[in-house]
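Colleague:
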Amino acid sequence: MTSSTPSKISPPVTPNNATDPIYEPAFDTVDIGLIVVDSAGRIVAWNDWMARTSKRSTAEVLGKDFFDVFPKARTTRLPSVIEDAFQVGSSSLLTHTLNSLLPLRLDDGGELLHNIIVRPVPTAESNYCLLQVTDVTAAVTRERVLRERQNARYHAIVDSAPDAIITVDADQNIQWVNGAVDRVLGYDQTELIGQKLSFLLQSEDTLVRLLAEGTIEQQDKRAVSVVGRYKNGTFGHFEISLGRWGADQRNFVTTIWRDVSERVNAESALSDARDALQKSNEELEDRVNERTREREVALRQLHESQKMESIGQLTGGVAHDFNNLLAVILGSLSLLKKALPDDPRISRLLDRAMQGAERGATLTTRLLAFARRQELKIEVVSLQTLIPEMLDFLRHSVGPNIVIHAEVMPDVDPVAVDANQLELALINLAVNARDAMPHGGSLTIACHNEENAGSAGLPPGSLVCITVTDTGEGMSEETLARAQEPFFTTKGVGKGTGLGLSMVHGFTAQSGGAMRLQSQRGEGTTVTMWLPRAKHGEKPASSEIRPAAPELSRRLRVLLVDDDVLVSMGAADMLLDLGHSVTEAQSGGQALKLLDSDPLFDIVVTDYAMPGMNGLELAQRIKELHPKLPIILATGYAELPSDRPIEFEHLSKPYTSAHLASALEKAFIGVGPA
Amino acid sequence: MTADIGELTHTEQDALAEIANMGVSRAASSLRQMVGEQVLLSVPSVRIVTRAAAAKLVERDNAKKLVAVQQSFEGPFAGRALLIFPEAQSLELVRSILGDEHTLEDVIDLEHEALAETGNIILNGCLATIANVLHRTMRMSLPSIVRGDGAALFDVDGPASGAQFVLFLYIDFNIKTRDVHGFIALLMDLPSIATLKAIVNDFIHAIEDQSPRHAE
Chain A
1 MTSSTPSKIS PPVTPNNATD PIYEPAFDTV DIGLIVVDSA GRIVAWNDWM ARTSKRSTAE
61 VLGKDFFDVF PKARTTRLPS VIEDAFQVGS SSLLTHTLNS LLPLRLDDGG ELLHNIIVRP
121 VPTAESNYCL LQVTDVTAAV TRERVLRERQ NARYHAIVDS APDAIITVDA DQNIQWVNGA
181 VDRVLGYDQT ELIGQKLSFL LQSEDTLVRL LAEGTIEQQD KRAVSVVGRY KNGTFGHFEI
241 SLGRWGADQR NFVTTIWRDV SERVNAESAL SDARDALQKS NEELEDRVNE RTREREVALR
301 QLHESQKMES IGQLTGGVAH DFNNLLAVIL GSLSLLKKAL PDDPRISRLL DRAMQGAERG
361 ATLTTRLLAF ARRQELKIEV VSLQTLIPEM LDFLRHSVGP NIVIHAEVMP DVDPVAVDAN
421 QLELALINLA VNARDAMPHG GSLTIACHNE ENAGSAGLPP GSLVCITVTD TGEGMSEETL
481 ARAQEPFFTT KGVGKGTGLG LSMVHGFTAQ SGGAMRLQSQ RGEGTTVTMW LPRAKHGEKP
541 ASSEIRPAAP ELSRRLRVLL VDDDVLVSMG AADMLLDLGH SVTEAQSGGQ ALKLLDSDPL
601 FDIVVTDYAM PGMNGLELAQ RIKELHPKLP IILATGYAEL PSDRPIEFEH LSKPYTSAHL
661 ASALEKAFIG VGPA
Chain B
675 MTADIGELTH TEQDALAEIA NMGVSRAASS LRQMVGEQVL LSVPSVRIVT RAAAAKLVER
735 DNAKKLVAVQ QSFEGPFAGR ALLIFPEAQS LELVRSILGD EHTLEDVIDL EHEALAETGN
795 IILNGCLATI ANVLHRTMRM SLPSIVRGDG AALFDVDGPA SGAQFVLFLY IDFNIKTRDV
855 HGFIALLMDL PSIATLKAIV NDFIHAIEDQ SPRHAE
């Protein structure tokens, strides 16, 4: 249809008379765009608003095909909605939100945002389609400005927040996230939008329940602890605060996710450390208890050793006095035997008396050994030599029912001890073992170099260990505890002295070693002796026998010094009997005076233990004054200082006339004839 | 066809479902053109129910807050057409149409317009297809947005509610891998329902006459 008139609306379109003086100005005055197309798609009306915004005058477009005027609109929904309006009478709405519509401009040249409503306009003659174009630019701009203004502060906060902020709708679909989700959880923003919130949770827990139950009125004050899922598949601890809000009659919950994994892990580590501390406290307590027990044991041992020490001192003192008495008895008896006529009956009585006294002397020797007051002749002893040499004797002592094994390795070092005492100790142990094995058994003597000297209660220094083990009946704890006390014995009355283990104990202690007993009822007994190793370079004493000294034939003038008159008299008698002359002095001072007045003494025999000046001090004074005068020290026990060698001949008390003669000879020869 | 106005025979149900699917597929192609993505719409079932029953049906999953796009129509039969979603789902639908680049505020701001246009497309599609298929013309109003529960949408407590029935269609959307479930409801009075059924039966007979193979 072509229009012959220049009117805005072509004649066929004007059911109400298009040239109406009211309709026409009104049509051009409205503030929306109005376009009418006919069923063939041609523009039949086009108001001023359209002319202004499209820069196409009414005259220019009337009668033209709508899509020739707006060719790009062919790709929009417009063709189909216009067709539907004609075909089925449908009305359509096309919004700027979902569609890109016509190329319209504002007066300032800016883009004009618009919606289009397409409606059918049926008339009596024909059907038309009305397009109403509404300008929404101002509204959209206003909304945007308003929102930007409202949201500027909000965005400043949420976009710079260190915590992940996630908004979900009532169905727990994630609707919005802030930029921190990437840093906190590892997800890109677009990955999360539209997902269910449970996607970020390890399990559908408290949070999901809270969100489902909550209403906008009830605000949750407290943070919810959840285990969240990082994008890398691992899990972390989060505290989530909830903020409920509504928009456009819709409920949302904004969740703020704070990653507290570090804190939770630190707390867990702290708790572990606390547990460990408590454990170590308990261990410490255990250790303290153990140490307390050890200390109690040590104290008990100390008490035991103090007791032994007291008993030793007591025993030593008694033995000393007995020794002196026995010396007098023995000396007197030996002189008496010489003096009396050779009568067998008298001789037998004297012999019995002397045997008794000698047994007494043996007893005191053992007592002294226990009291560690025995005089020890320290020498270098090779165990490889000593033990095999003793075996015959030991076998003889224990009898045929008991088999003795000796295990002395060639590398065992020699020991520095008194060989005789060591032999005695081994004999004592062998006899004890025999008594513990009345029906036979075996006895093992073994030696090795002790590597743990200084520890386990052993004295410091290099030690050699000798163990003597039997397969006997063993000892009860009670017996074991008392076994080392002197005179304690399990043997029947009269069968033993009770001094065997005491002697071994005293011997090892005095030698600088130690002894230990291990035994259990029915399990046999092991006695372990630790003895000091000989210093490097010391050679075992040769068993070479010294050539007998030529008998002393001279008659000597002897100065005899002893504070005990009885002992002095006995000794004087022996010296006289040996054919020497004797001058007695009761003290060191008296002896020096005598020497001063009469320098012609051949020899001095002095007791050691004297009040005031002792025998050793006297001997040293005499040596200074009369260097060539021989001196003999008579000692009952190890009173002599052990730190330096004694340069004087000495004589163990009690001694017999023969011992005295031998000592005189040695002393005299050692110094040389005066 | 039975005397009971409130019931559809299997054949009528199938025919209406077929017409509805033609309508929504037409709408789907419009949406696809607009969104630039694959859009799938389908109507799995059709039934006629009372308004009260319809009000209950739309409150599925206890979602009482609903949003609907409403258009009225006039022609051989008249009434109101409603496209209904649970409120939370409608936002997802709009977001899927608008795209993920929009913020939540954008989506909320634009929801109204976008939903109105989307609903308009779908309802026009259905009504236009019915009109086309039945070779009738109808006048349809512009869309408006209604919010409320099922009773409010179907005006259950309103006058003469007992006289009105609802042609009730389930509709499933699948856009950009998102699934949104909604409903289409055509609210009509008894004469309109009767007319619709008569027209549908004409349609069925016409098809049976044209193509016996196609007969059910």
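From first to last, the protein sequence lines are chains A and B.
Taking our numbering, I'd label the letters of the first sequence as residues 1 to 674.
Taking our numbering, I'd label the letters of the second sequence as residues 675 to 890.
Where is the CB? At the ideal position from N, CA and C, for every residue including glycine.
Here the structure is a predicted model, which means the values were calculated and not measured.
1. Ends of the alpha helix (DSSP H) at Asn115 (chain A)?
2. Pick out whichever of A:Val158, A:Glu111, A:Ser160 and A:Asn151 has its Cα sitting closest to the Cα of Ala138 (chain A).
3. Is the shortest distance between the beta-carbon of Ala788 (chain B) and the beta-carbons of chain A less than 8 Å?
4. To be precise: take each residue of the segment 710-741 of chain B, compare its Cβ to all Cβ atoms of chain A, and keep it if any distance is under 8 Å. Which residues remain?
5. In chain B, which residues lie less than 7 Å from Ile116 (chain A) when you measure between Cβ atoms?
6. Can you pull the chain A residues whose beta carbon is under 7 Å from the beta carbon of Pro817 (chain B), in chain order?
7. Have a look at B:Gly697, B:Leu757, B:Arg813 and B:Ile845 and flag the residue whose alpha-carbon is nearest the alpha-carbon of Gly824 (chain B).
8. From the DSSP output, in three-state form, read off Leu62 (chain A) for me.
9. Assuming contact is defined by CB atoms lying nearer than 8 Å, are Ile603 (chain A) and Pro627 (chain A) in contact in what I supplied?
10. Along the beta strand (DSSP E) that carries Glu450 (chain A), what are the first and last residues, could you check?
11. For Ile849 (chain B), which beta-bridge partners are listed by DSSP?
12. Suppose the cutoff is 7 Å on Cβ atoms and the five residues either side in sequence are ignored; what does the same chain contact list for Asn695 (chain B) look like?
13. Helix, strand or coil for Arg810 (chain B) per DSSP?
14. With Ala361 (chain A) and Pro654 (chain A) assumed to form a contact (beta carbons below 8 Å), what rounded beta-carbon distance in angstroms separates them?
15. Just checking, does the segment 742-750 of chain B make contact with the segment 64-77 of chain A on the three C-beta pairs under 8 Å criterion?
16. State the Cα-Cα distance for the pair Phe199 (chain A) and Thr803 (chain B), rounded to the nearest angstrom.
17. Any beta-carbon of chain A closer than 8 Å to the one on Asp846 (chain B)?
18. For a test of the three-state rule: what should DSSP assign to Arg679 (chain A), helix, strand or coil?
19. Note down, in chain order, every chain B residue with its Cβ under 8 Å from the Cβ of Arg147 (chain A).
20. Which residue's Cα is closest to the Cα of Glu213 (chain A): A:Leu192, A:Val227 and A:Asn251?
21. Between Ala319 (chain A) and the rest of its own chain, which residues show a CB-CB distance below 6 Å, the 5 nearest in sequence each way excluded?
22. DSSP on Arg105 (chain A), reduced to helix/strand/coil?
23. Please list the partners that Ser704 (chain B) has in chain A, where partner means a Cβ-to-Cβ separation under 9 Å.
24. Ala40 (chain A): buried (16+ other C-beta within 10 angstroms of its C-beta) or exposed?
25. Compare the beta carbon distance of Gly63 (chain A) and Ile43 (chain A) with 8 Å and say whether it is the shorter of the two.
26. Taking the continuous alpha helix (DSSP H) assigned at Gln189 (chain A), which residues delimit it?
27. Is it the case that the segment 273-293 of chain A contacts the segment 331-350 of chain A, given that we only count it when at least three CB pairs across the two stretches are under 8 Å?
28. Please report the residue range of the beta strand (DSSP E) in which Glu677 (chain A) lies.
29. Just the chain B side, please: which residues come within less than 7 Å of Trp257 (chain A) by C-beta, in chain order?
30. Taking the beta carbon of Phe668 (chain A) as the centre, do at least 16 other beta carbons fall within 10 Å, making it buried, or is it exposed?
31. Counting only C-beta atoms, is Arg250 (chain A) closer than 8 Å to chain B at any point?
32. Rounded C-beta distance between Arg813 (chain B) and Gly749 (chain B)? I'm assuming under 8 Å.
33. Looking at Thr29 (chain A): is its Cβ nearer than 8 Å to the Cβ of Ile165 (chain A)?
34. Do the CB positions of Leu429 (chain A) and Val558 (chain A) come within less than 8 Å of each other?
35. Thr97 (chain A) touches chain B at which residues, Cβ-Cβ below 8 Å?
36. Can you tell me whether Ala663 (chain A) is helix, strand or coil according to DSSP?
Modeller: Taking the definition as stated:
1. It is not in any alpha helix (DSSP H) - Asn115 (chain A) instead sits in the beta strand (DSSP E) that spans His114 to Pro122.
2. A:Glu111
3. yes
4. Lys739
5. Result: empty, since nearest Cβ-Cβ is about 10 Å, beyond 7 Å.
6. Leu93
7. B:Leu757
8. coil
9. no
10. Gly441 to Glu450
11. B:Val713 and B:Arg852
12. Ser716 and Val717
13. coil
14. 5 Å
15. no
16. 41 Å
17. no
18. Nothing about residue 679 (chain A) can be reported from this structure: the residues present for chain A run from 1 to 674 only.
19. Glu779 and Asp783
20. A:Asn251
21. Thr364, Leu367 and Leu368
22. strand
23. Arg77, Ser80 and Val81
24. exposed
25. yes
26. Gln189 to Leu192
27. no
28. Nothing about residue 677 (chain A) can be read from this structure; chain A reaches only from 1 to 674.
29. Result: empty, since nearest Cβ-Cβ is about 17 Å, beyond 7 Å.
30. buried
31. yes
32. 6 Å
33. no
34. no
35. Leu772, Leu784, Glu787, Ala788 and Glu791
36. helix
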